[in-house]
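*Asks:* Chains as they are written, first to last, in my numbering: chain H, 1433 to 2096; chain A, 1433 to 2096. Even glycine gets a Cβ: it sits at the ideal position worked out from N, Cα and C. Please read all numbers here as calculations on a predicted model, not as lab measurements. To start, I am sharing the structure in question, which I have written as structure tokens.
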């Protein structure tokens, strides 16, 4: 112990600190929607409940009151009471009615009147005299009710006049409880240290089915370059399959310098169309349209016709430029130049991407490049686009995206950004935190039961679900999953059902419905990829799985359990080749069970547990069940049942459980 | 989709937001020592390493640098590099050399030179021409090294003159690496949004063995009221047992009004001494000494003699007052008065505590009561006291404690506060967050293997260990644990070992060493409790466990694994009546195994696993082991062994594992 340092005498500093701390008597902690110490907004969906929870407590044993205050776009605050859950946790649900920037505050106070009522009740129950307590109740109540308000004047007279048991009855009446709730000062009112931001997106951000196609491969006649008109002709097909979003890779002029040839070869042959990701040529850059696709008017017509068909067009926002992009001449300061006077190509040493150059975002690019890129997005919004799939956002600075998305949302909060960042988990999550409404995921590479369960549980966990909304794409132009390369049709059906039912957003890339999976040998890439050449497809070719797609998209629309509010729990199936899970939605009571065969080659069977316990049923109870593939209804008696899944005929099953009170 | 709102044109607001965001290009997240969004300080110990970890990453693939900056009491900042661990996590250890208020900042940047070195190495390995890259390296390095510094002038000349391979060699030399590390600008330097506070306590806050006694029961002659001189005479006894802290319940004048009699009876008989927790009489209040104990001088002598014996005196800080406390007349505004003119007694309806009245902390008590209470603590600090055990802090406002502890630490940061809050877990944790250095725990009521493992693992978990330091008391004047009431001596020995080896702080209340456990029938209270009467003890009475106490306190001092830096892991023992765990300390290599019998009545045996894997040994490997109870050394061959524990002769075993390189 070191020698004692003489303490200072009371100073202003002590009292100032005292008064500041004393203002927050109650503890408000661990708010579920606070992300990274309030640095980022949590996410909510317009029109759907957002659960708010916080730990709230005070010193001593007094009863507390608590509330969440919330507002959208700095409009008027609304207030909902928080209710006690357990273990000092309080909760409520709030609903933001439209997309925008929400805020939530948490307040709490000591409820002196409720405390008085509780204590008096206990003393009466214990046979104690409560004469003085009744008098205390009178004083407490009179102090709480304003003397100048007509609506409580009569009550104040009664409170002043009543005595003994009559007064006690009055103090325990509903009338006084109502008046107190309306007027009483909130003792020791404490507010959580900061308002919490909430990014309220429209519903499609959390629940959407995407279909991706390369327009140039959709010409009516083989061999021709497809156009926007061809895509318009394809709209009924996509809509009939049940999708919401039609996503197009870049539609801009394609560069010529170092153009890639078929199968990603370094030299293009004459006539090779090049990769649409090598954006920009003498014909224009990110705000231009590749002439062979059509005109801006054609594009606007596509957007409008898609809307009529119930589809939204999603565009690709890929910031790289071809060496022919007009910006290179107009804004050389946005690019990296080498000591030898050449421009620096994109690279990931020792790999080089010679058909692409990257802008840099700092130095002389601030602020003009950022503003220009924002204006590109606003330009396509002017053409009616409200959904952007962003290519490789993790190779551009986080602050750029945070700023861009905020700017765009200020213009229209209904715009949706999908992050295509196949990278490390914390980087992906950061992109979600800075505003991306949806994120590509690792789903494409999660195949075994253990992998799928672990990954999906992570995505549904608290730390993730208020932040990141995964989009489960089965395949993309860049990813021809190894599993599908050998699985055959059964594997496609299973992966479809997993993608469509494990979470709210999913997508397929055209060709998936045809079970197309011919790879570049040994690679996770498509042979003769549409990225480098024009293909021609027969969308009725034998072996397609369009019926399955129509079915799962219909079930997603019809059953709230598969909707944006549905949660998920994995259940026991005693065979690791079958994934078995429940999707359930509380308000509607919608409850589905999904069995999906993970082995695409062999019949698998096993016993599984029907979650009777969720319906208050004992292990030998029974529940009505509907087979959603065939429509028949029957009763499962007992908790344990057996199921056989066959890759040829039945690689999945989806059941609806119907509790007794809903069965009539 | 609602109609499109025309976007605004570029405004100042957009650019201002852009520039602000652009300042923090790197992501710095999830700092392990950030408590409640930075609202509270984390805890560290003077002279011992504090681990700092953060997630740090940027866009793209460039290599990063990162560092933690720290300072104590607003003195100069020091900097230590953070090193990459895995999965974007970085870490370092820092040491605050003395108690005080610490701060930590995290910074990170892109390391352009290291990135250049990495990329060039990859290209060379791939056989690519790097002529232009070497030139880029020259420019990068020249730009990084100041032109006006003599110590790099020669290097700059070489850089300017060298060409080709010679230049490459220079650019990859140690000299340039050193110069760059010393001088290069940190590109995109990003600082975490806030400095994080650290409460640095002295070592005793995290590692201490407490002995509690009621001075009045320690008179040399039976029947007399014990005095401070009697306690002075008891010091060698306490020190011989190996304790660090001697804790005394309140030593202040005891009230007469409604004084409690023996065994908590409502009426005291003449001569009954009353509860020392009914503080205050005509003889004084919280800054006075109960005359029968001695004088202030006697007390100072006790503190000094204790220090000479290697013991510190801990005082009780219990804020309640007896109805005779001088404050009631001097400061009636600090108390609750009832409509009938009486003072409100402490109560927890329907229970009433009529020998105690509580101050209230708000209204007219601000700021004078708070200042007065602080001055009480400062007064006892003036008498040499540096440890306070605080009675029932959870029934007083959190802001009061937060303010009081900050005030006291400003005077002397070596003061330790122990929170006696036996209440709900979040309330206990809040008290730790607002500054209490130690906390009573639920240990006293955790008896089964499952209960103990679950609870101890919670306490060692990340969310807790930077915040709350538990103190495992085996018993207190208020808690005569039901387990000990029937366990007999074996149970006392086991509970001692658990308390002393499961965590850094522990304590016993006098009588424990005698296996005293006579209860008020059916209650968790001691019969004829010292709280209400003077007792007389024979500290040599047969059946005591003083040898065990000496042993465990010695082992705690001798083995770093049991010290403040030791961590804990539970291991497999295939019998639920034996708790088995390792304590280990990395730097020293100290590694202990503890087996503790939980069944006080029956012999229990079973197989257990020796953690050979921690020493790089295969399952059939071997390790040297020392039996710390008997001193013999031998070798355990193989992973699985058998042990028998006997309540009569050997209810616990403690082993030291000696790795090969330390065995010689």
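(1) Among the candidates A:1823, A:1962 and A:1457, whose CA atom is the shortest distance from the CA of residue 1621 (chain A)?
(2) Out of curiosity, what's the CA-to-CA distance linking residue 1960 (chain H) and residue 1707 (chain H)?
(3) By Cβ distance below 6 Å, which residues in the same chain neighbour residue 1886 (chain H) in space, the five residues on each side in sequence not counted?
(4) Since residue 1903 (chain A) contacts residue 1937 (chain A) with CB under 8 Å, what's their CB separation in whole angstroms?
(5) What is the rounded straight-line gap between the Cα of residue 1544 (chain H) and the Cα of residue 1489 (chain H)?
(6) Please classify residue 1440 (chain A) as buried or exposed, where buried requires at least 16 other C-beta atoms within 10 Å of its C-beta.
(7) Taking the alpha-carbon positions, what's the residue 1532 (chain A) to residue 1847 (chain A) distance?
(8) Is residue 1977 (chain A) helix, strand or coil by DSSP?
(9) Out of A:1689, A:1674 and A:1711, state which residue places its alpha-carbon closest to the alpha-carbon of residue 1702 (chain A).
(10) Under 8 Å by Cβ, that's how I've got residue 2038 (chain H) and residue 2068 (chain H) pegged, so tell me the actual separation to the nearest angstrom.
(11) Roughly how many whole angstroms lie between the Cα atoms of residue 1999 (chain A) and residue 2048 (chain H)?
(12) With DSSP collapsed to three states, give me the class of residue 2082 (chain A).
(13) Please report how far the alpha carbon of residue 2080 (chain H) lies from the alpha carbon of residue 1928 (chain H), in whole angstroms.
(14) Note down, in chain order, all residues in the segment 1565-1579 of chain A with a beta-carbon under 7 Å from any beta-carbon belonging to chain H.
(15) One question on the structure: do residue 1739 (chain H) and residue 1709 (chain H) come within less than 7 Å of each other, judged by their Cβ atoms?
(16) On the premise that residue 2089 (chain H) lies in contact with residue 2011 (chain H), defined as a C-beta separation below 8 Å, what is that separation, rounded to the nearest angstrom?
(17) Return yes when the Cβ of residue 1966 (chain A) is within less than 7 Å of the Cβ of residue 1705 (chain A), no when it is not.
(18) With 16 other CB atoms within 10 Å as the buried threshold, where does residue 1668 (chain H) fall?
(19) Per DSSP, what kind of secondary structure is residue 1662 (chain H) in: helix, strand or coil?
(20) Identify, in the order they occur along the chain, each residue of the same chain with its Cβ nearer than 7 Å to the Cβ of residue 1433 (chain A), setting aside the five sequence neighbours on each side.
(21) Do we get a CB-CB distance below 7 Å when we pair residue 1787 (chain A) with the residues of chain H?
(22) Taking 7 Å as the CB-CB limit, is residue 1751 (chain A) close to chain H?
(23) Quick check on the DSSP output: the alpha helix (DSSP H) that includes residue 1510 (chain A) runs from which residue to which?
(24) State buried or exposed for residue 1851 (chain A), treating a residue as buried only when at least 16 other CB atoms are found within 10 Å of its CB.
(25) Between residue 1868 (chain H) and chain A, is there a C-beta pair that is closer than 7 Å?
(26) Tell me the rounded alpha-carbon separation between residue 1644 (chain H) and residue 1675 (chain H).
(27) With H, G and I counted as helix, E and B as strand and the rest as coil, what does DSSP make of residue 2009 (chain A)?
(28) Among A:1877, A:1900 and A:1905, whose alpha-carbon lies nearest the alpha-carbon of residue 1915 (chain A)?
(29) I want to verify the contact list: residues of chain A whose CB lies under 9 Å from the CB of residue 1903 (chain H), in sequence order.
(30) Can you pull the chain H neighbours of residue 1492 (chain A), defined as C-beta to C-beta under 7 Å?
(31) By the 10 Å Cβ neighbour count, where 16 or more other Cβ atoms means buried, how is residue 1743 (chain H) classified, buried or exposed?
(32) Hey, is residue 1558 (chain H)'s beta-carbon within less than 7 Å of any beta-carbon in chain A?
(33) Can you give the Cα-Cα distance for residue 2091 (chain H) and residue 2023 (chain H), rounded to whole angstroms?
(34) Measuring alpha carbon to alpha carbon, tell me which of H:1849, H:1519 and H:2029 ends up nearest residue 1855 (chain A).
(35) Please report whether the beta-carbon of residue 1856 (chain H) lies at a distance below 7 Å from any beta-carbon of chain A.
(36) Chain H partners of residue 1527 (chain A), CB-CB under 7 Å?
*Replies:* Taking the geometry as given:
(1) Comparing Cα-Cα distances from residue 1621 (chain A) to each of A:1823, A:1962 and A:1457, the minimum goes to A:1457.
(2) Taking the CA atoms as reference points, residue 1960 (chain H) sits about 12 Å from residue 1707 (chain H).
(3) Excluding residues up to 5 positions away in sequence, nothing lies with its Cβ nearer than 6 Å to the Cβ of residue 1886 (chain H) in the same chain.
(4) Indeed, because the Cβ distance is near 4 Å, the residues count as touching under 8 Å.
(5) Distance from the CA atom of residue 1544 (chain H) to the CA atom of residue 1489 (chain H), rounded to whole angstroms, is 14 Å.
(6) Confidence at residue 1440 (chain A) is low in this model, with a pLDDT of 44, below 50, so the placement of that residue is unreliable and no value is reported for it.
(7) Between the C-alpha atoms of residue 1532 (chain A) and residue 1847 (chain A) there is a straight-line separation of about 10 Å.
(8) If DSSP states are grouped into helix, strand and coil, residue 1977 (chain A) belongs with coil.
(9) Of the listed residues, the one whose Cα sits closest to residue 1702 (chain A) is A:1689.
(10) About 16 Å; that fails the 8 Å criterion.
(11) Using only the alpha carbons, I get a separation of about 44 Å.
(12) Correct three-state label for residue 2082 (chain A): strand.
(13) Residue 2080 (chain H) and residue 1928 (chain H): Cα-Cα distance of roughly 15 Å.
(14) Closer than 7 Å at the C-beta level to chain H, one finds these residues of the segment 1565-1579 of chain A: 1567, 1568 and 1571.
(15) Taking the C-beta atoms as reference points, residue 1709 (chain H) is found no nearer than 7 Å to residue 1739 (chain H).
(16) Distance from residue 2011 (chain H) to residue 2089 (chain H) at the Cβ level is roughly 18 Å; contact not present, criterion being Cβ atoms closer than 8 Å.
(17) Against a cut-off of 7 Å, the Cβ pair of residue 1966 (chain A) and residue 1705 (chain A) comes out as a contact.
(18) A residue is called buried once 16 or more other Cβ atoms fall within 10 Å of its Cβ, and residue 1668 (chain H), having fewer, is exposed.
(19) Helix.
(20) Bear in mind that the predicted position of residue 1433 (chain A) carries a pLDDT of just 33, short of 50, making it unreliable; the figure below should be weighed with that in mind. Non-local C-beta neighbours of residue 1433 (chain A) in its own chain, meaning closer than 7 Å and more than five positions away in sequence, are absent.
(21) By this cut-off, residue 1787 (chain A) is not an interface position.
(22) So, not an interface residue.
(23) Run containing residue 1510 (chain A): none in the alpha helix (DSSP H); it sits in the beta strand (DSSP E), 1510-1513.
(24) A buried status is given to residue 1851 (chain A), since no fewer than 16 other beta-carbon atoms sit within 10 Å of its beta-carbon.
(25) Not one chain A Cβ lies under 7 Å of residue 1868 (chain H).
(26) Note on geometry: alpha-carbon atoms of residue 1644 (chain H) and residue 1675 (chain H) lie some 10 Å from one another.
(27) In the structure shown, residue 2009 (chain A) sits in coil (DSSP, three-state: anything other than H, G, I, E or B).
(28) For residue 1915 (chain A), the nearest C-alpha among the options comes from A:1877.
(29) Result: empty, since nearest Cβ-Cβ is about 19 Å, beyond 9 Å.
(30) Within chain H, the residues 1827 have their CB atoms less than 7 Å from the CB of residue 1492 (chain A), given in chain order.
(31) Classification of residue 1743 (chain H): buried, given that the 10 Å Cβ count is 16 or more.
(32) Yes, because at least one Cβ of chain A sits closer than 7 Å to the Cβ of residue 1558 (chain H).
(33) Rounded to whole angstroms, residue 2091 (chain H) to residue 2023 (chain H) spans 9 Å at the Cα level.
(34) Ranked by how close their Cα comes to the Cα of residue 1855 (chain A), the residues H:1849, H:1519 and H:2029 have H:1519 in first place.
(35) With 7 Å as the cut-off, residue 1856 (chain H) counts as an interface residue toward chain A.
(36) Residues of chain H passing the Cβ test: none, with the nearest at roughly 18 Å.
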